[in-house]
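To start, the structure itself, in structure tokens.
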Amino acid sequence: MRFDDPEYVREQYATEDGLAARASLYLYTGGGTDARDVVVSELRRIAPQRVLEVGCGWGELAERIEREIGCGIVALDLSPRMVELARERGVDAQVGDVQELPFEEGEFDAVVAAWMLYHVPDLERGLAEIARVVRPGGAFVAVTNGTRDFEELWQLVGRDTSDRQLTFRAENAEEHLRRYFSSVERHDIVTPVTFKDSETIRRYVGSSALDRQHVHRVPELDRPFIATKIVAVFVGEKAP
115 MRFDDPEYVR EQYATEDGLA ARASLYLYTG GGTDARDVVV SELRRIAPQR VLEVGCGWGE
175 LAERIEREIG CGIVALDLSP RMVELARERG VDAQVGDVQE LPFEEGEFDA VVAAWMLYHV
235 PDLERGLAEI ARVVRPGGAF VAVTNGTRDF EELWQLVGRD TSDRQLTFRA ENAEEHLRRY
295 FSSVERHDIV TPVTFKDSET IRRYVGSSAL DRQHVHRVPE LDRPFIATKI VAVFVGEKAP
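Just add 114 to the spot in the sequence shown (first one is 1) and you have our numbering.
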């Protein structure tokens, strides 16, 4: 099973349980930057009137973009449950597939994809669709993890991470994006995060079907555990 396996994606996002666990079980430490802040900052600079977020999850980022940027936003997700949760936040959300976007060419000033492109079975098709719906002179903002994201955690449980390789990751994202956008800017975010105890680590590892077989390998710890979150935000701009 891989991150872009449709079966894995359906299971992982059929409910909010896994997403909630992975979002809440560790604390940022050391004054690090949140990638979402960078996304919002870049959108503020771009000043779009109409934004599309693909892979919106429960709509937290879409809601923030609409509130802080003051733009219109449409949110899209494959999971009916995620769309339901996004709508409960007041977000204009709909079920849809980034590989076949139900929008006109050049319909959006900006598109956002945060931690989702590595779930797309046909990455190039998804990127081509995103580029199609971005207007000339518009922008695409993407967030993804690095290969060594949480490396200390996976070493702790003896996890071979070769099957966790992302198709769209910090190390190759720029290469992919330059096929569709005339310029690409990169922002690296390296942040220490703290898991407060062994049980918290077990819950995190157990929140994904790719990793839960390693839960029993989490040792008993007598102190908080620190791992490094490695994320990159990319901004691709389309030629006018």
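By construction, the Cβ of each residue, glycine as well, lies at the ideal position given by its N, Cα and C atoms. Note that this is a predicted model, so its numbers are computed, not measured.
Closest by C-alpha distance to residue i, when choosing among the options
| i | options | result |
| --- | --- | --- |
| Glu121 | Leu335, Ser322, Glu351 and Arg331 | Ser322 |
| Gly220 | Ser297, Leu199 and Arg164 | Arg164 |
| Glu167 | Pro216, Asp336 and Ala128 | Pro216 |
| Phe282 | Ala256, Ser276, Phe309 and Ser297 | Ala256 |
| Asp119 | Glu180, His328, Leu324 and Phe348 | Leu324 |
| Val197 | Gln213, Gln279 and Gly169 | Gly169 |
| Ser193 | Asp336, Glu289 and Glu125 | Glu125 |
| Ala242 | Tyr294, Glu180, Arg181 and Arg300 | Tyr294 |
| Asp336 | Glu313, Arg326 and Gln279 | Glu313 |
| Thr147 | Thr305, Met230 and Arg317 | Thr305 |
| Arg317 | Phe117, Arg116 and Leu133 | Leu133 |
| Trp229 | Arg203, Glu202 and Ala137 | Ala137 |
Short Cβ contact (7 Å threshold) for residue i with residue j
| i | j | result |
| --- | --- | --- |
| Ala176 | Ile187 | yes |
| Ile355 | Arg262 | Since the first residue shown for the chain is 115 and the last is 354, residue 355 is missing from the structure and cannot be characterised. |
| Pro338 | Lys310 | yes |
| Val225 | Val248 | yes |
| Leu190 | Trp172 | no |
| Gly252 | Lys352 | yes |
| Val307 | Ala341 | yes |
| His233 | Val329 | no |
Where the alpha helix (DSSP H) through residue i begins and ends
| i | result |
| --- | --- |
| Arg181 | Glu174 to Ile183 |
| Thr314 | Ser312 to Val319 |
| Leu291 | Ala287 to Leu291 |
| Glu214 | No alpha helix (DSSP H) contains Glu214, which DSSP labels as neither H nor E. |
| Glu156 | Ala149 to Ile160 |
C-beta neighbour in chain B for residue i, strict 7 Å
| i | result |
| --- | --- |
| Gly252 | Absent from the structure is chain B; it holds one protein chain and no more. |
Endpoints, the beta strand (DSSP E) within which residue i is located
| i | result |
| --- | --- |
| Gly252 | Val248 to Asn259 |
| Ser297 | Ser297 to Phe309 |
| Val197 | Element bounds for Val197: not the beta strand (DSSP E) but the alpha helix (DSSP H), Pro194 to Glu202. |
| Val205 | Unbroken run through Val205: none, as it is neither H nor E. |
Beta-carbon separation (whole angstroms), residue i vs residue j, contact threshold 8 Å
| i | j | result |
| --- | --- | --- |
| Val152 | Arg178 | Val152 to Arg178, Cβ: 13 Å. No contact. |
| Gly350 | Val298 | 5 Å |
| Ile303 | Val347 | 7 Å |
| Pro250 | Pro354 | 5 Å |
Cβ-heavy atom distance, residue i to the ligand SAH, below 6 Å
| i | result |
| --- | --- |
| Ala284 | For the ligand SAH, the structure offers nothing, since it holds no ligand at all. |
Using 8 Å as the threshold, is the region 201-217 in touch with the region 261-280, meaning 3 or more CB pairs across them?
no
Is there contact between the region 115-134 and the region 283-293, where contact requires at least three CB pairs shorter than 8 Å?
Contact fails: fewer than three Cβ-Cβ distances are below 8 Å.
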